[in-house]
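Input: a single structure, listed below in structure tokens.
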């Protein structure tokens, strides 16, 4: 958008120069001021304006990583430092032990779903939520050679995902809601044990039990909508999906990442790793 504004301003400057030249010619020839200029007089001025426009256009299209990459990174150095700080905060949050809330015997009826593996593995989430959008950003950069667009897209994507990750895992640790398969995490042999207050006494694997207290909200869903949702907005701007021409194919391209993110959220309920409320919270 900024490049088009620059081109438009360049055209206005060229036309203003033409009118200035016309005014000077009229002043130099007051006897002929009442006569219109011929096409032969206007042609050199128009050609000069076209040359200046082409020079501006070439300059706008020459923003590559080699020529402007370091300058952009230096300008946005504080943004990248904040990004690194978010990574550190997120790692610390992952180390913190989640809250173990009271889980009574009467609550186990809703937490006896089978313990299954993930349909969408944990390692696959950053692949499609971060790496895939970046590959699309690089593809657009190769075609348009606009390093500003590439930098801002990558920076915006990383901020979207990391801010979402910090918020999601903070809520997970604070709430400590048990997953639908918590019974089998707590009692892998099927023999449930409770203390005198009716709270569970788990004898399963500690890491599995700890993960069982991180149901709300869904991390897969929040990451998916943070990354693929950003990609959807990026694509809508690049292909001009809402330009009043009514191309349904463009809308399908824009909504495809959101559909994938929705299917990931549904898989979390199907795998009994999350309650449906967890998925809705992850979307929001």
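Residue numbers (this note's numbering): 2 to 285.
Beta carbons are placed, not taken as given, at the ideal position from N, Cα and C, and that holds for glycine.
Because the structure is a prediction, the values reported are computed rather than measured.
Taking Cβ positions, are residue 199 and residue 106 nearer each other than 8 Å? As a first step, residue 199 is located in the chain shown; it is residue number 198 there, counting from the start. As a first step, residue 106 is located in the chain shown; it is residue number 105 there, counting from the start. Yes, these two residues count as a Cβ contact at 8 Å.
What is the rounded straight-line gap between the Cα of residue 149 and the Cα of residue 132? Counting from one through the chain shown, the residue named residue 149 turns up at place 148. Counting from one through the chain shown, the residue named residue 132 turns up at place 131. So the alpha carbons of these two residues sit roughly 19 Å apart.
Residue interval of the alpha helix (DSSP H) (run including residue 122): Taking the first residue of the chain shown as position 1, residue 122 is located at position 121. Following the DSSP letters along the chain, one finds residue 122 in no alpha helix (DSSP H), marked with neither H nor E.
Got a sec? Which residues, its chain only, sit under 6 Å from residue 227 by beta carbon, not counting five neighbours each side? As a position in the chain shown, residue 227 is number 226, starting the count at 1. Taken in chain order, the residues that qualify are 161, 162, 165.
Could you tell me which of 248, 108, 213, 225 sits nearest to residue 273, measuring between CA atoms? Counting from 1 along the chain shown, the entry for residue 273 is found at position 272. The option with the nearest alpha carbon to residue 273 is 213.
Since residue 238 is in the alpha helix (DSSP H), which residue starts that stretch and which ends it? Counted from its first residue, the chain shown places residue 238 at position 237. Per DSSP, residue 238 belongs to the alpha helix (DSSP H) from 220-239.
For the alpha helix (DSSP H) holding residue 157, just list the boundary residues, first then last. Position 156 of the chain shown, counting from 1, holds the residue named residue 157. Going by DSSP, residue 157 is part of the alpha helix (DSSP H) stretching over 148-176.
Leaving out five residues before and five after residue 194 in sequence, what residues of the same chain have Cβ atoms less than 6 Å from its Cβ? The sequence position of residue 194 within the chain shown is 193, counting from 1. Around residue 194: 202.
When burial is assigned at 16 or more other CB atoms within 10 Å of the CB, is residue 250 buried or exposed? Residue 250 sits at position 249 when you count from the first residue of the chain shown. Exposed, by the Cβ-count rule.
Across the stretch 140-148 and the stretch 216-225, are there enough close Cβ pairs to call them in contact, namely three or more that are closer than 8 Å? No, they do not touch.
Taking only three categories from DSSP, how would you classify residue 201? Within the chain shown, the letter at position 200 stands for residue 201. Secondary structure at residue 201: strand, using DSSP grouped into helix, strand and coil.
Close Cβ partners of residue 183 (< 6 Å) along its chain, the five nearest in sequence each way excluded: The residue you call residue 183 lines up with position 182 of the chain shown. Spatial neighbours of residue 183 in its own chain (CB-CB distance under 6 Å, excluding positions within 5 residues in sequence) are listed in chain order as 112, 213.
Just to confirm, are residue 173 and residue 99 a CB contact at a threshold of 8 Å? Along the chain shown, read from residue 1 onward, the residue named residue 173 stands at position 172. Along the chain shown, read from residue 1 onward, the residue named residue 99 stands at position 98. The answer is yes: Cβ separation under 8 Å.
For residue 195, does the three-state DSSP call read helix, strand or coil? The residue given as residue 195 occupies position 194 in the chain shown. Secondary structure at residue 195: strand, using DSSP grouped into helix, strand and coil.
For residue 269, count neighbouring Cβ atoms within 10 angstroms of its own Cβ and tell me buried if that reaches 16, exposed if not. Counting from one through the chain shown, the residue named residue 269 turns up at place 268. The residue in question, residue 269, is buried, as its Cβ has 16 or more Cβ neighbours within 10 Å.
Assuming residue 232 and residue 242 are in contact, meaning their beta carbons sit under 8 Å apart, how far apart are those beta carbons, in whole angstroms? The residue labelled residue 232 in the question sits at position 231 within the chain shown. The residue labelled residue 242 in the question sits at position 241 within the chain shown. Going by Cβ atoms, the distance from residue 232 to residue 242 rounds to 13 Å, so no, they are not a contact pair.
Restricting to Cα atoms, I'd like to know which of 159, 190, 153, 102 is closest to residue 130. The residue labelled residue 130 in the question sits at position 129 within the chain shown. Check the Cα spacing between residue 130 and each of 159, 190, 153, 102: the tightest is with 159.
Three-state secondary structure assigned by DSSP to residue 247: Position 246 of the chain shown holds residue 247. The answer is coil: DSSP assigns residue 247 none of H, G, I, E or B.
Alpha carbon to alpha carbon, how far is residue 168 from residue 190? Looking up residue 168 in the chain shown gives position 167. Looking up residue 190 in the chain shown gives position 189. Annotation: residue 168 to residue 190 spans about 35 Å, alpha carbon to alpha carbon.
Which stretch, first to last residue, makes up the alpha helix (DSSP H) that contains residue 128? Within the chain shown, the letter at position 127 stands for residue 128. Per DSSP, residue 128 belongs to no alpha helix (DSSP H) and is neither H nor E.
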